[in-house]
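Residue numbers (the numbering used here), protein chains in the order written: chain A, 7 to 228; chain B, 7 to 228. A virtual CB, placed ideally from N, CA and C, is assigned to each residue, including glycine.
Protein chains: 2
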Amino acid sequence: MRLLIIEDEPGIAGFLKDGLEEEYFAVDIAYDGKNGLDLAMTNEYDLIIIDWMIPVISGIEVCRQIRKSGSLVPIMFLTAKDTLEDVVFGLEAGANDYIKKPFAFEELLARIRVQLRSKNQGDDSLRAGNLNINPGTHQVFYETSEITLTPKEFALLEYLVRNKDKVCTRSRIIEHVWDVHFDSDTSVIDVYITFLRRKLENAGCGNLIQTIRGVGYIIRES
Amino acid sequence: MRLLIIEDEPGIAGFLKDGLEEEYFAVDIAYDGKNGLDLAMTNEYDLIIIDWMIPVISGIEVCRQIRKSGSLVPIMFLTAKDTLEDVVFGLEAGANDYIKKPFAFEELLARIRVQLRSKNQGDDSLRAGNLNINPGTHQVFYETSEITLTPKEFALLEYLVRNKDKVCTRSRIIEHVWDVHFDSDTSVIDVYITFLRRKLENAGCGNLIQTIRGVGYIIRES
DNA sequence: GCCAACCTTACATCAACCGTAAATATTAAT
DNA sequence: ATTAATATTTACGGTTGATGTAAGGTTGGC
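Dropping the structure here:
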């Protein structure tokens with residue numbers, strides 16, 4: 007899952023990036039509104055966190071612009087202010103949630119998961135057949151046995167399962183799971199698909215990930 | 007469906023080509039306006055994407071020249087500028103749509119499909135009798151059973167169905183399904199027609215593609 | 001019957017993908 | 001700080017599968 011953080015204080019931005027990467031998110035940072043808007047328009051994020059007070063273009067304006075472009079990506083505000091008007095303003099501008107500074111990291115994380123879950127309609131855990139993925143604990147189970155994955159392996163599998171029954175093209179995988187936008191000249195994806203397949207096979211869950219030659223990969227339900 | 011991209015930055019051009027080829031488009035690239043115009047005049051594209059700022063001949067001039075030649079091919083502009091005058095200029099010059107740089111690949115793809123659809127008046131999914139083609143997922147169904155096709159097979163069938171009830175000449179087929187690297191004067195088309203007929207036959211959908219001797223092929227509705 | 005166009009099959013070529021291993025980067029432990 | 005362990009990336013030969021070529025067989029029109 008890929009997040010964008012638009013926050014001008016390097017301290018907070020770094021703190022968030024580190025914390026969220028530990029939770030296996032791919033995180034991009036912009037230090038002002040203009041840059042943030044650019045990134046938001048050029049990439050497909052799964053969630054965007056915007057500070058209220060940022061230079062060049064205000065947070066609320068960034069939010070409006072994103073919505074104006076038709077995007078439905080979940081947006082969360084970080085705000086020092088907490089008066090009623092501000093909240094109303096933020097929600098009117100198209101935000102999905104907001105959190106007051108200072109905040110506990112745990113709370114932010116919980117709210118992020120709520121947004122990502124609602125995006126995925128309903129169910130908390132991700133499934134594909136008898137495979138069960140828990141984004142909160144980063145655990146993967148096939149039937150009763152747990153499969154141990156490294157962070158990148160987990161992120162890749164999570165992405166494929168979230169998009170089950172849809173073909174995941176190489177460009178999209180590299181955008182969402184890695185932070186890369188251009189360099190299409192690498193074979194990391196292949197290697198990680200191999201890693202995943204081996205571990206799944208060993209757990210008795212073979213043939214889950216199918217190759218679509220020249221395009222990408224797909225996990226088919228059933 | 008065959009596209010022409012006129013874009014001087016190799017990074018962006020390559021990124022677009024890769025992404026669009028994953029979507030089964032045949033893609034040609036020109037790195038300047040002169041070259042682009044040459045290609046546009048000598049080949050029959052289904053859509054042309056032109057960057058505003060390109061060397062030798064400007065994007066807008068390329069667009070004007072194409073229109074002057076009588077072609078109605080959908081043209082999309084990539085533009086860093088976004089002032090009203092530029093848009094008006096672009097549309098006056100005969101463009102069908104424009105998209106601001108930087109842009110999300112998803113959005114570009116959506117707009118491309120809109121242009122291709124409107125060309126085909128209306129319906130989103132392609133049909134011929136009980137055969138159903140989905141350009142978004144690259145799937146083909148006959149009644150309830152899915153037919154698995156390779157990219158070239160798919161592209162050929164898609165073209166024939168988009169032009170159902172019209173005779174598709176060999177040269178037209180080559181123009182739209184293969185790209186500029188194609189070495190004419192071979193029997194690839196015949197071979198792929200054979201491949202398609204076999205797979206369709208196996209799915210119970212025989213006699214769909216008819217031969218018009220000396221001219222080409224046709225799929226008749228009903 | 002003759003010719004040209006088309007169909008079919010077999011094979012060659014090329015690019016994508018797989019799998020392994022080695023190199024590099026990161027993290028944890030001493 | 002150094003070392004060890006683990007994770008990630010790169011490199012590369014082998015394999016597979018899609019695509020293109022060529023050649024011989026078949027069909028249809030004259």
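Among the options, the one whose alpha carbon lies nearest that of residue i
i	options	result
Pro108(B)	Cys211(B), Arg226(B) and Phe21(B)	Phe21(B)
Leu45(A)	Ile12(A), Lys205(A) and Ala134(A)	Ile12(A)
Pro80(B)	Ser151(B), Glu113(B), Ala110(B) and Arg119(B)	Arg119(B)
Pro110(B)	Leu43(A), Ile35(A) and Asp196(A)	At residue 110(B) the sequence reads Ala, which differs from the Pro that was named. Answer by Cα proximity: Leu43(A).
Cys211(A)	Ile195(A), Met47(A), Asp196(A) and Ala134(A)	Ala134(A)
Gly142(A)	Leu132(A), Thr150(A) and Ser151(A)	Leu132(A)
Thr217(A)	Asp92(A), Asp14(A), Asp196(A) and Glu152(A)	Asp196(A)
Phe229(A)	Asp92(A), Leu122(A) and Glu113(A)	Any answer about residue 229(A) is impossible in this case: the structure gives chain A only from 7 up to 228.
Distance, residue j Cα to residue i Cα
i	j	result
Asn208(A)	Gly220(A)	27 angstroms
Leu9(B)	Ala101(A)	37 angstroms
Lys106(B)	Gly76(A)	14 angstroms
Ile225(A)	Leu137(A)	11 angstroms
Ile18(A)	Glu98(A)	26 angstroms
Asp129(B)	Pro16(A)	With a pLDDT of only 49 at Asp129(B), under 50, the local geometry of the prediction cannot be trusted, and the value read off the model is given with reservation. One C-alpha to the other measures close to 50 angstroms.
Lys74(A)	Phe95(A)	16 angstroms
Pro61(B)	Phe188(B)	27 angstroms
Gln71(A)	Ala86(A)	22 angstroms
Met59(B)	Asp38(B)	9 angstroms
Tyr148(B)	Pro157(B)	18 angstroms
Ile179(B)	Tyr198(B)	11 angstroms
Gln127(B)	Ile54(B)	Note that Gln127(B) scores a pLDDT of 43, beneath 50, so its modelled location is shaky; the value from the coordinates is reported in the next line. The straight-line gap from Cα to Cα measures roughly 19 angstroms.
Thr200(B)	Val183(A)	40 angstroms
Gly65(A)	Met47(A)	15 angstroms
Ile63(B)	Leu206(A)	55 angstroms
Ile153(A)	Glu152(B)	33 angstroms
Ala36(A)	Leu26(A)	15 angstroms
Thr150(A)	His144(A)	16 angstroms
Asp92(A)	Asp92(B)	36 angstroms
Glu112(A)	Asp14(A)	21 angstroms
Asp191(B)	Arg204(A)	46 angstroms
Arg117(B)	Arg117(A)	33 angstroms
C-beta atoms of residue i and residue j nearer than 8 angstroms
i	j	result
Ile139(A)	Glu164(A)	yes
Asp52(A)	Met82(A)	no
Val167(B)	Leu155(B)	no
Glu227(B)	Lys172(B)	no
Ser177(A)	Asp24(B)	yes
Leu115(A)	Glu28(A)	no
Tyr223(B)	Cys174(B)	yes
Leu78(A)	Asp57(A)	no
Within chain B, the residues that residue i reaches when beta carbons sit closer than 7 angstroms
i	result
Thr48(A)	Pro108, Phe109 and Ala110
Asp44(A)	Pro108
Where residue i meets chain A, residues with beta-carbon distance less than 9 angstroms
i	result
Pro157(B)	Arg219, Gly220 and Val221
Glu13(B)	Here the premise fails: no neighbours, minimum Cβ distance about 14 angstroms.
Partner residues on chain B for residue i, Cβ-Cβ distance less than 8 angstroms
i	result
Val173(A)	Thr143 and His144
Chain-ordered neighbours of residue i on chain A, where CB pairs are closer than 8 angstroms
i	result
Glu28(B)	Thr175, Arg176, Ser177, Gly220, Val221 and Gly222
Presumed contact (8 angstroms Cβ cut-off) between residue i and residue j, rounded CB distance
i	j	result
Leu162(B)	Leu202(B)	6 angstroms
Asp185(B)	Val68(B)	Their Cβ separation, rounded to whole angstroms, is 19 angstroms, which puts Asp185(B) and Val68(B) out of contact at 8 angstroms.
Glu181(B)	Asn49(B)	6 angstroms
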